[in-house]
Amino acid sequence: MKRLLLFVLLSFSACKEKLPVVDDFGGAHYNLVNQNNQQVLFPDILKGKIVVMNYIFTNCPDICPLSTNNMRLIQQRLKKEKIENVQFVSLSFDPEFDTPAVLTKFAEIHSLDLSNWMFLTGNKSVTDAIIKKVGVLAVPNDSTVFKDGRKIYYYVHTDRIQLSDADGKIRKNYKGSTINVDEIVGDIKNLL
Amino acid sequence: MNKSFLLIAAITFVTINLFSQPITNHQSPITIKDVWARPGAKNANSALYFVVQNNGSKADTILGAKSKYAEIVEVHESFKRDNDRMGMRQVKFVAVAANSKLEFKPGGFHVMLINLLKDVKAGTSLDATINFKFAGKIKVKAVVQEMPGM
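Written as structure tokens, this is what we have:
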């Protein structure tokens, strides 16, 4: 019986060790705004919650929608399993285009459930600082110029969904467009 | 009187049928199926995906696409750079080899609908035309959805 108990305890601790801290936000505080144009202090606003976060730009027609749709699938799965205290976050690294109004429309057209999902944008220098801190790269590459002179950029960017614990420590990074939903849901359960 | 009437009727019949057909070469071995597009808001972008089947013994080439739903329509491809970085670039043409199937799919080739002229919502459809070097213009109707099967 004692051996069985020891085995269970060891197994449990082994599971916990599968998710070491890989990074954090360095104790910095960033002023951002959400899709409702409300001021948000990041990452402070997320404290106490497990966070599933991706990095996007809404002009991205192919990879970011895949990542965002995977966030939706994770959210739906957690709701189905009645797992709470998980916050979803999408941070734009193209804040000059992705205003709160654009992000609101993006969420609406993709029928996203914003009950525990926030979109963040802000000053470009601030979003750049955040993505640099966590090793996300977003470099303008191709672009389209419209007849009226407007220009939009397409970024080469890190394709990431990131999992943080309730203390704001980053525990695991996944490839956003191809993430295995079972894997991250299992990892979230490990953090509960 | 009867001859004139018949002549006019015949011309009308032929004309209506001629212009109601898709702008397609009916001898073409090219078929396009499983066409879908992502939802997108007005002034944002969307992407069009489909499967091209070339049953002919000669290769063909996709030269471009058009749609009244977007200000600009271009053929693009997503590409991987390093381990976890993705990018996207315009391609001037896409070859479709003889007796082959080519898939425009997320993470690969797609038709970019740039600056949508109105909201494109899930559950609706949109029209587009794919332009081939030999097969000519083939009209398609895309189902708007987040992902097939959703």
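Chains as they are written, first to last, in this note's numbering: chain A, -6 to 185; chain B, 138 to 287. Glycine included, each C-beta is placed from N, C-alpha and C at the ideal position.
Not flagged as an interface residue toward chain A: B/N268, since no C-beta distance is shorter than 8 Å. DSSP places A/T137 within a strand segment (E or B) once states are collapsed to three. Under DSSP, the beta-bridge partners assigned to A/S85 are A/I49.
CA-to-CA, the gap between A/L34 and A/P88 works out to about 16 Å. In the three-state scheme derived from DSSP, where H, G and I count as helix and E and B as strand, A/Q31 is classed as coil.
Within chain B, the residues M225, R226 and Q227 have their CB atoms less than 7 Å from the CB of A/D135, given in chain order. The straight-line gap separating the alpha-carbon atoms of A/T120 and A/V15 is approximately 20 Å. In the displayed model, B/T261 falls within coil according to three-state DSSP, outside both helix and strand.
Any Cβ of chain A closer than 8 Å to the Cβ of B/I251 would place that residue at the interface, and such an atom is present. Judged by their CB atoms, B/S194 and B/A235 are nearer to each other than the 8 Å cut-off. Rounded to whole angstroms, the separation of the alpha carbons of B/I209 and A/V132 is 23 Å. When DSSP reads this structure, B/R222 sits in a beta bridge with A/T151 and B/R218. Per DSSP, reduced to three states, the secondary structure at B/V280 is strand. Within the model, the alpha-carbon separation for A/F81 versus A/T61 is close to 10 Å.
In the structure shown, the three-state DSSP call for B/E208 is strand. Around the beta carbon of A/N27, a 10 Å sphere encloses 16 or more other beta carbons of the protein chains shown; the residue is thus reported as buried.
The shortest CA-to-CA distance from B/K229 to any of B/P176, B/N268, B/L254 and B/D256 is the one to B/N268. According to the DSSP assignment, B/S237 belongs to the beta strand (DSSP E) that extends over S237 to F241. Here B/Q164 carries a coil assignment [DSSP, helix/strand/coil].
Counting along the chain, A/K73 sits inside no beta strand (DSSP E); it lies in the alpha helix (DSSP H) bounded by residues I56 to K73.
Shown in chain order are the members of the segment 98 to 118 of chain A whose Cβ falls below 7 Å from a Cβ of chain B: K98, F99, I102, H103 and S104. Taking a cut-off of 8 Å on C-beta distances, the segment 33 to 47 of chain A does not touch the segment 137 to 149 of chain A, as fewer than three cross pairs fall below it.
For a Cβ distance threshold of 7 Å, residue set D55 and L59 of chain A lies close to B/P243, ordered along the chain.
Going by C-alpha positions, B/P166 is about 8 Å away from B/A272.
Nearest C-alpha to B/G201 among B/S262, B/I169 and B/E211: B/E211. Ranked by Cα distance from B/V233, the options B/R175, B/D171, B/Q190 and B/V277 are led by B/Q190. Taking 8 Å as the threshold, the shortest C-beta distance from A/F86 to chain B does not fall below it.
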